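I have placed the structure first, in the form of structure tokens, so that the comments after it can refer back to it.
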Amino acid sequence: MGKRTIRVGYAGNYREVEVNTPDAEPAPWDANSKLAVVGKRLPRLEGKDKVTGRAKYTADVKLEGMLIARVLRSPYARATVKSIDLEKARKMPGVKAVIEVDREVRFHGAPVAAVAAETEAQAEDALAAITVEWSVGAHVVDLEEARKPDAPRVQGGKNPNERGNEAQDTATEDACRKALDASHSTIDLTFRTPVVTHSCLESHGSVVRWEADGSLTVWDSTQAVFAVRDGVARAFQLKAEQVRVLKEHMGGGFGSKLGMSQHTVMAAKLAREAKAPVKLLLTRKEEHLAGGNRPSSVQRIRAGADKDGKLTCLWLESHGTGGVAGGAWCAGPLASLYACPTRRIWHADVMTNAGAAAAFRAPGHVQGMFALESAIDELAGKLNLDPIEFRKRNDANTLRHSEYGEGAQIAGWEKRAQLRGSAGPGKARGLGVAASIWGGGGGPGPQVRCVISRDGSVEVQCGTQDLGTGTRTILAQVAAEELGLTVNQVRVKLGDTALPFSTGSGGSMTAPSVTPAVRSAAAAALARVIEAVKGSIPGCEATDFAARGGKLESKTAGVSLGWAEACAKISGANVSEQATRSANYQGFRDGTAGCQFAEVEVDLETGHVQVLRIVAVHDCGLVVNPMLAESQICGGIIQGLSYALLEQRVLDNATGRMMNANLSDYRIAGPKEIPDIRVVLFDVANGRTNTGVMGIGEPSIIPTPGAIANAVSHALGKRVTDLPITPDKVLAALGKK
Amino acid sequence: MTHPFTWWDARTAEEAAALLAKKGAMALSGGVDLLGELKEGIRSPDHIVNLRSVPGLDRIERTDRGWRIGATAILADIAAHAELRKALPGLAESADAVATPQIRNQGTLGGNLAQRPRCWYYRSADFECAKKGGKGCPAEEGENRYLAILGGGPCHIVHPSDCAPMLVALGARLFLRGPDGARDLPIADFYELPSKNILCEYTLKPGEFIEAVEVPVALPRSTYVKLREKDSFDFAAAACAVAGKIDGDHFTEVRVVLGGVAPIPWRAGASEANLMKSTLADAIEPASTAAVDGARALSQNEWKIPLAKAAVARALRSFLPR
């Protein structure tokens, strides 16, 4: 390790810090770095392949002799298979394998059996030929019903559906009551958010092929090729190296594809029985029922502030359901965003007979931030304080203060009071704000190999994934920067467990975790090229070789070689260096901040909410490619808007079935719902790795619902506490129901 | 799941009628609605008769009686027809309000008029209901936020068409073709409440299909207002079609028809009476209130009552001089 001094911070707040960095790593990029390729707006490298259809997704994989699999799923929310007859299905034309999957089903859509046939139609027909004798049990899908002591037990036995989970080191109820009693202003509000599904355009799916040597090749739509590899290896008692997982292009994951899924195991079992490769893609309906979801929440927030607008108490009681899974905790923002002397968090996960929740873009934070920032606005109202001023008084992060300033200026915050009535008759406008808080600093683990060949070609190899965010492009940019080349001179290989190890692409971790290892690997490989060049010059001791503008140059040695010319000095076919991502340095600060402003127009006659504009101010350390970062932020905003205004999974209480398991009745924002979006990337030199890059995937969705809800509340003069904010709720708030 | 069927490309209207008379035959025009029913497994025809292969069935033409629009005319073409829009602005607006650009490029007028309801219980093969020939209505105690506030029971669907209420308001006639020849009827008489016919929203004799619609040009002023949760792609939560004649500050003839709130296009006679009684400006409030006279909410759809009122008020306001 060596000590290095770097310049970190943001405009008006720069400082020099000393960081300990591994000797093998190149000097960290900091506020003083002048970069040529990194920071450039470049279209994603695979863009052309995607729009021309040349890019191959899992659904596009076609193998010799490949069969198509389909899954028989439970029409009941709770049932036991008393008997199942697969024999007729086995004898159907084209059918090559039939497997039983499960006899106990705890939600509508749970898999029961699966078939593989030569065509999809044959597989469908075979499913219809399976006869099942069911014993239908009692189910519960309603969150409040499930909490009652006499509710049907989702997990069977005596286990209650509710799992209390009181956070550690929090204030007692008594302490909270005292703090609230002593407060100048208090609020006590309950917020509700629905279960929403990820609705990735590319559904979950695998193509599986058993190889002659007993090993397994899996093409999977996944955010984590290595996690799928390890899961499949465990499921079939194979060694990890006997399983190869591939994923070249991705049509969305949002957290629902972070590990091995049941469909992959079903496909592999069918393929083993059929002795042929099998493709199993979930249909849209299956995707809604069994592809994961964001849990619901009911959040009661009691909060108080003193006369100076300082928070005195934040007290959250929440519960929610992730169906047959947990994961409904949503206290992150309330626990971390604001300074507060008395804080209490109590949460219960409630089991219901519905599809299992999965990580979903900023798990918990989206629900939690909506409720917290709604509550903060209400409290600001009671205190008669400007919502931004109130936030600043309780937010220790001065970076976010600056972001509020910049956003407020663009959003026209100072004209907020006049905005309300500016919409014309029957309409009202509103402007709202909400904060973002997230980690996003990445972590150690990923390994990257950089191979430079004698002909000058450069390949960066890493078993990470490009989820459609532009990972492939930014890795090429980082390597090109280090090698003094253009992105087109660097080839990136990813999405394959045959490549060096990398971690799953979740938690906004990919860019910050992988880019430093790319730099280290590229620098190490460059050092080998320099060695080769020096070796070709008798007695050369120069230490000032640098790669810049497609050349390798040394002033002291009087050498200036073109890149290909320099690489021709390599002895052997190539130089190949591998680097591992080291731990984060101390650097500037952990985590990302951000805030968003929403301007809405509410139709007071119909209750319809139109978002006119979102101003999004975010920091994510060094921005490798502003075009891609903005694109990802737009994606977060649109997904957040859709959550705030439209999306909800609807289950029929009587049967526990999902009623809107398609993309027309499950409403996702479309072109007419998408507002004008202005993204401001706040420049921060982070200094926690050699690239200083941070993730932006999740921070961008966190503030959107809260900002929209606050804007609606500003427009109406009334608070809608439940998402999605549909016309019925707006009309009810206006007393028109 | 994939019930096998035979595909027939009809070459003439007469041939189509003969083919449709076969047992288990269904007509296909744009296919937008039928494909969904086939995929869900709630329909299993033995024969599918393609009407779009009939030459000329998609014609949009001016006749001495008004406009005649063939059943397989594409919705996007109706919306984009400049002369038609000038004569019947509300009809163009209603065609333009359907679904998404992609669906309007595929969907046809006949299909839009004969499409089946969107009630979730009707659309799911997992549920039995009276409309599918079973028993009861699970929506009554279940998820009914988008269902009927007027004319419901024993089934509570809403009619999903955007063009149908507009054509009722315009006083259009429907031309049907069957094995025994052609007949025509006012389009308002085509649709039937579930209390009369629970299995279908209309009655066609065996082999019969919609061949064309004739729209008189007697009512020069018309408009269609559609309110929905998601503007990019949604069926109406409430809609209002108005067609009439205006003399100065009042209607001398008017029809007000609601969409998306009743099992059939819902003629609001009380609203029309209000409009005929006084100036338009004075009649807007009482006429929009009268439109939801007798509305009865189910457990989740009370919000549709003020919404329907708003649709009527908005449609009527569009006729006020600017």
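Chains as they are written, first to last, in our numbering: chain A, 1 to 737; chain B, 738 to 1059. For every residue, glycine included, the Cβ atom is placed at its ideal position computed from N, Cα and C. Keep in mind that this is a model prediction, so the values were computed, not measured.
| Check | Outcome |
| --- | --- |
| Take Asp544(A) as the anchor and find which of Ala527(A), Ser536(A), Pro538(A) has the nearest alpha-carbon. | Ala527(A) |
| For Ala1050(B), I'd like the list of residues in its chain whose CB is within less than 6 angstroms of its CB, leaving aside the five on either flank, ordered along the chain. | Ile1021, Ser1025 |
| With distances taken Cα to Cα, identify the nearest neighbour of Val601(A) among Pro295(A), Asp676(A), Glu104(A), Leu483(A). | According to the sequence shown, residue 601(A) is Glu rather than Val. Here the closest residue by C-alpha is Asp676(A). |
| How is the alpha helix (DSSP H) around Tyr404(A) delimited, first residue to last? | 398-411 |
| So who's on the other strand from Trp29(A), going by DSSP bridges? | BP columns for Trp29(A) are empty, so no partner. |
| May I ask you to verify whether the stretch 505-521 of chain A touches the stretch 22-38 of chain A, counting CB pairs closer than 8 angstroms and requiring at least 3? | yes |
| Does any CB atom of chain A fall closer than 9 angstroms to the CB of Thr1026(B)? | no |
| Taking its Cβ as the centre, do 16 or more other Cβ atoms sit within 10 Å of Asp603(A), making it buried, or is it exposed? | buried |
| Would Met659(A) count as contacting chain B if we go by Cβ distances under 9 angstroms? | yes |
| Taking 9 angstroms as the cut-off, decide whether the C-beta atoms of Leu884(B) and Arg992(B) are in contact. | no |
| Can you check whether the C-beta of Asp783(B) is within less than 9 angstroms of a C-beta belonging to chain A? | no |
| Can you look up Thr197(A) in the DSSP assignment and give me helix, strand or coil? | strand |
| Comparing C-alpha positions only, which one of Phe588(A), Gly706(A), Val95(A) sits nearest to Met694(A)? | Phe588(A) |
| Using CA atoms only, rank isn't needed, just tell me which of Leu419(A), Asn660(A), Arg361(A), Arg491(A) is closest to Tyr859(B). | Asn660(A) |
| Around the Cβ of Gln237(A), are there at least 16 other Cβ atoms within 10 angstroms (buried) or fewer (exposed)? | exposed |
| Rounded to a whole number of angstroms, what is the C-alpha to C-alpha distance between Ile1042(B) and Asp125(A)? | 45 angstroms |
| For Ala417(A), count neighbouring C-beta atoms within 10 Å of its own C-beta (all shown protein chains included) and say buried if the count is 16 or more, exposed if not. | exposed |
| Rounded to whole angstroms, what is the Cα-Cα separation between Glu744(A) and Val611(A)? | Lying before the first or after the last residue shown, residue 744(A) is absent from chain A, which here runs from 1 to 737. |
| Assess, as a yes-or-no matter, whether the stretch 371-382 of chain A is touched by the stretch 184-198 of chain A under the definition of 3 or more beta carbon pairs within less than 8 angstroms. | yes |
| In the stretch 880-900 of chain B, which residues sit with their C-beta less than 8 angstroms from some C-beta in chain A, listed in chain order? | Glu880, Arg882 |
| For a contact defined as C-beta to C-beta under 7 angstroms, what are the partners of Asp863(B) on chain A? | Pro75, Arg657 |
| Report the residue ranges of all beta strand (DSSP E) runs contained in full by the stretch 983-1008 of chain B; include only those spanning at least 3 residues, in chain order. | 987-996 |
| Quick one: does Arg142(A) have its CB under 9 angstroms from some CB of chain B? | In the sequence as displayed, the identity of residue 142(A) is Asp instead of Arg. So, not an interface residue. |
| CA-CA distance, Lys427(A) and Asp1019(B)? | 21 angstroms |
| When the Cα atoms are used, what is the spatial distance from Glu145(A) to Ser296(A)? | 14 angstroms |
| For Thr960(B), which beta-bridge partners are listed by DSSP? | Val979(B) |
| On the three-state DSSP scale, how would you describe Gln367(A)? | helix |
| Go through its chain and collect everything with a Cβ distance to Ile840(B)'s Cβ below 7 angstroms, but skip five positions before and after it. | Val769 |
| Which one or two residues does DSSP pair with Trp563(A) in a beta bridge? | Trp563(A) is not bridged to any residue. |
| When the cut-off is 9 angstroms and only beta carbons count, does Glu605(A) lie next to chain B? | yes |
| Is the beta carbon of Gly424(A) less than 9 angstroms from the beta carbon of Pro699(A)? | no |
| Taking 9 angstroms as the CB-CB limit, is Ser969(B) close to chain A? | yes |
| Quick one: is Arg667(A) near chain B, going by C-beta distance under 9 angstroms? | yes |
| Give me the chain A residues within the contact set of Trp1064(B), using Cβ-Cβ distance strictly less than 7 angstroms, ordered along the chain. | One cannot answer for residue 1064(B) here, as it falls past the ends of chain B, which runs 738 to 1059. |
| Between the C-alpha atoms of Glu120(A) and Gly251(A), what's the straight-line distance to the nearest angstrom? | 22 angstroms |
| Between which two residues does the alpha helix (DSSP H) harbouring Leu907(B) extend? | Counting along the chain, Leu907(B) falls outside any alpha helix (DSSP H), and DSSP gives it neither H nor E. |
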